[in-house]
Amino acid sequence: MTFTTLMYHEIRKQTEFNPDHPSHIDVKQDYQDILPAPLFVTLEQFQQQMAYLHTEGYHTLTLAEVAAFYKDNITLPEKSILLTFDDCFQSLKHYAYPVLKSYGFKAVSFAVTGWLHNEQKPFNPKQSICLAESELHEMTDVFTYANHTHHFHQRENETTSQMMTTSPDAFLEDLVTCNTYDIIGAKDVFAYPFGLFIDQNVETLALANFTLAFTTESGINNKSTDPLRLKRDVVPFMMPFEGFKQLVNRR
Numbered sequence: 001m002t003f004t005t006l007m008y009h010e011i012r013k014q015t016e017f018n019p020d021h022p023s024h025i026d027v028k029q030d031y032q033d034i035l036p037a038p039l040f041v042t043l044e045q046f047q048q049q050m051a052y053l054h055t056e057g058y059h060t061l062t063l064a065e066v067a068a069f070y071k072d073n074i075t076l077p078e079k080s081i082l083l084t085f086d087d088c089f090q091s092l093k094h095y096a097y098p099v100l101k102s103y104g105f106k107a108v109s110f111a112v113t114g115w116l117h118n119e120q121k122p123f124n125p126k127q128s129i130c131l132a133e134s135e136l137h138e139m140t141d142v143f144t145y146a147n148h149t150h151h152f153h154q155r156e157n158e159t160t161s162q163m164m165t166t167s168p169d170a171f172l173e174d175l176v177t178c179n180t181y182d183i184i185g186a187k188d189v190f191a192y193p194f195g196l197f198i199d200q201n202v203e204t205l206a207l208a209n210f211t212l213a214f215t216t217e218s219g220i221n222n223k224s225t226d227p228l229r230l231k232r233d234v235v236p237f238m239m240p241f242e243g244f245k246q247l248v249n250r251r
């Protein structure tokens with residue numbers, strides 16, 4: 001019994017997106033970064049991908065089902081897939097949510113709570129703008145929100161995040177702060193910022209009684225996969241449709 005986890009960040013209409021134009025992030029926290037083109041998909045791609053999952057009878061997993069798969073040894077439906085979206089950018093509300101809702105799909109969004117704006121901002125496809133917490137509450141019929149840190153989603157260099165260099169106590173405090181936000185429904189589920197982590201981070205999550213944590217390592221998940229090192233596959237910009245079908249049909 002296996003399942004694949006897909007990872008998305010940003011969605012744009014094909015006419016809105018220029019992969020050669022950097023998409024600067026706009027977040028509440030004082031942090032500057034650029035979201036690279038491979039972390040975008042076009043709305044047209046996304047619609048085609050979700051239509052395929054629906055037509056082929058895929059079951060979109062909830063985090064509760066994944067937790068029970070590891071803790072209680074439940075059997076998952078044969079065609080099981082977990083849909084995840086990182087960082088809660090505006091396209092989560094404007095593009096992903098309506099498509100997922102139309103199919104009755106469930107999904108997970110990993111929220112950096114220190115990035116959530118106090119007030120809703122106008123949609124601007126030229127930037128990667130974070131949503132406000134109030135907007136996330138409008139989508140709980142589709143999304144379950146989980147911990148993606150409060151303050152430590154910051155890159156020090158290409159291979160190191162701030163989470164990796166902070167003390168275990170500071171990391172633990174940050175996890176607790178993130179979980180104080182009402183929108184975080186899955187308070188024992190985590191995604192490593194940028195997919196970067198060290199063993200000490202995993203140990204801290206275990207001590208804090210986290211049950212699931214997601215990497216960006218490609219591959220399928222099975223009973224032998226460490227639930228604090230679960231695999232996720234990014235769905236990259238302009239991925240051929242045949243490649244998407246091969247990705248989700250691995251067993």
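Oh and the sequence shown: position 70 is 70 in UniProt numbering, straight run, nothing missing.
The beta-carbon is built from N, C-alpha and C at its ideal position, and this holds for glycine as well.
Item, Value
"Touching by the beta-carbon criterion (3+ pairs, under 8 Å), the stretch 109–125 and the stretch 20–40", "yes"
"Per-residue DSSP class, three states only, for residue 128", "strand"
"Own chain residues within Cβ distance below 7 Å of residue 119, not counting five before or after", "132"
"With 16 other Cβ atoms within 10 Å as the buried cut-off, status of residue 148", "buried"
"Neighbour-count burial assignment, residue 233, 16 or more Cβ in a 10 Å radius", "buried"
"Reduced DSSP category for residue 10 - H, G, I as helix; E, B as strand; rest coil", "strand"
"CB-CB length for residue 168 against residue 204, believed under 8 Å", "5 Å"
"Residue 142, enclosing alpha helix (DSSP H) - first and last residue", "It is not in any alpha helix (DSSP H) - residue 142 carries neither H nor E in the DSSP assignment."
"Distance, residue 107 Cα to residue 141 Cα", "10 Å"
"Pairwise C-alpha distance: residue 172 and residue 239", "37 Å"
"Run of the alpha helix (DSSP H) containing residue 245, from where it starts to where it stops", "241–248"
"For residue 196 and residue 177, the rounded distance between their alpha carbons", "20 Å"
"Whole runs of the alpha helix (DSSP H) within the stretch 63–93, excluding any shorter than 4 residues", "63–71"
"Residue 130 to residue 184 span [Cα, whole Å]", "16 Å"
"Between the CA atoms of residue 101 and residue 93 - distance to the nearest angstrom", "11 Å"
"At least 3 beta-carbon pairs within less than 8 Å: the stretch 75–86 vs the stretch 41–59", "yes"
"Reference residue 223; option with closest CA among 156, 73, 48, 64", "73"
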